[in-house]
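Everything in the sequence shown is counted per the working numbering, starting at 16 for the first residue and increasing by one.
Okay, so here's the structure we're looking at.
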Amino acid sequence: MIIVMRKWSSEESVQRVVDTIRSRGLREHISRGEERTIIGALGDERVFHSNELARLPDVERVFRVLNDWKIISREGQPEDSKISIRGVLFGGEKVLDIAADINRIEDADAGFVDPFYLSARPYAEMDNGSEKARIQLMQQDIRRLHEQGKPILVRIRDVRQIDEALKAQADVLYLGGELMGNRVLLDEVGRLNTPVVLCKDKHHRVDDWLAAAEHIALRGNHHIILGEAGTLSFEPEHAYRLDVDAIVRVRQTCHLPVIANITRLWHNDMPQHILYRLAQAAGVNGIVGSGVD
Numbered sequence: 016m017i018i019v020m021r022k023w024s025s026e027e028s029v030q031r032v033v034d035t036i037r038s039r040g041l042r043e044h045i046s047r048g049e050e051r052t053i054i055g056a057l058g059d060e061r062v063f064h065s066n067e068l069a070r071l072p073d074v075e076r077v078f079r080v081l082n083d084w085k086i087i088s089r090e091g092q093p094e095d096s097k098i099s100i101r102g103v104l105f106g107g108e109k110v111l112d113i114a115a116d117i118n119r120i121e122d123a124d125a126g127f128v129d130p131f132y133l134s135a136r137p138y139a140e141m142d143n144g145s146e147k148a149r150i151q152l153m154q155q156d157i158r159r160l161h162e163q164g165k166p167i168l169v170r171i172r173d174v175r176q177i178d179e180a181l182k183a184q185a186d187v188l189y190l191g192g193e194l195m196g197n198r199v200l201l202d203e204v205g206r207l208n209t210p211v212v213l214c215k216d217k218h219h220r221v222d223d224w225l226a227a228a229e230h231i232a233l234r235g236n237h238h239i240i241l242g243e244a245g246t247l248s249f250e251p252e253h254a255y256r257l258d259v260d261a262i263v264r265v266r267q268t269c270h271l272p273v274i275a276n277i278t279r280l281w282h283n284d285m286p287q288h289i290l291y292r293l294a295q296a297a298g299v300n301g302i303v304g305s306g307v308d
């Protein structure tokens, strides 16, 4: 349930709404705009009568949210969320260039590393190096970016890797789509005060994506960025494609920033510079890629 307060409503009126919500066993989520305060009532809304909250002082209107996401919904916060990380604004007007190749970081706004990647091929493990060596390399990459004052996104693949990434001073934890259904991990990052990118996997629906983001927000971490890294394609030669429809829908539905990771999506029939334009047209706030000429 969303309660929209009148313009410049008093703090006493806001607190009265909050007290009413808490008295019924629900929790509040308060979003303060330049003119209006919007309060979300989190929990079973059926404990309220239809016009009970609407009669409270300075309440402009009340409406129910039928979706499973309320904190991240545009109904609760019409304005885009903006997350400032080392002075770089995720969610602003600029589409950020996030370098997947650390060697071109000077021309980018931020960097992306995947230090915990392991090949699925059993005999490729010999080339993967030890985990200790990969962590040391991650630390070097992070120091290099921080020396230039730029944030770095670190992809983790298991809840046990969170500590190592944070010890290395990762600015953003990047969760691949394979982790979206891992409620233990979502709970863990939800308790942090560290920005997190939540990707959907190739088989996930937008509703699943938004519900998982809400799960993180419910634990207290509202520094959430949605990540799109590809969905299933009907073309046998190219298994994945950029899910433009999903990007457009989440930009309309929720206020969270959205980035696209196109590092594994481009090919001869879909060059990287075309993918950049598609992602920009869909409304992303940043693009993880290898750079375009």
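Heads up, the beta-carbon is just placed ideally off N, CA and C, and yes, glycines get one too.
The stretch 185–227 contains, as complete beta strand (DSSP E) runs of 3+ residues, the segments 187–190, 211–215 (chain order). Annotation for residue 69: 77 place their beta carbon closer than 6 Å to its own, counting only its chain and skipping 5 residues before and after. Here the stretch 145–157 lies against the stretch 112–130, with 3 or more beta-carbon pairs under 8 Å apart. Three or more beta-carbon pairs drawn from the stretch 83–100 and the stretch 50–65 are found closer than 8 Å, and the two stretches are therefore classed as touching.
Nearest Cα to residue 85 within the set 244, 291, 173, 227: 227.
Leaving aside the five residues that flank residue 28 on each side, the residues in its chain whose CB is nearer than 6 Å to its CB run, in chain order, 72, 73. In chain order, 293, 297 place their CB closer than 7 Å to the CB of residue 259, counting only its own chain and leaving out the 5 sequence neighbours on each side. Counting only residues of its own chain and dropping the five nearest sequence neighbours on each side, residue 275 has a CB closer than 6 Å to the CB of 243, 294, 299, 302. Residue 35: member of the alpha helix (DSSP H) spanning 26–38, first to last residue.
Here residue 244 carries a coil assignment [DSSP, helix/strand/coil].
In the three-state DSSP reduction, residue 112 falls in the strand class (E or B). Excluding sequence positions up to five before and after residue 43, its CB lies within less than 6 Å of the CB of 33, 36, 54, all in the same chain and listed in chain order.
In terms of Cβ geometry, residue 271 and residue 96 form a close pair [threshold 9 Å].
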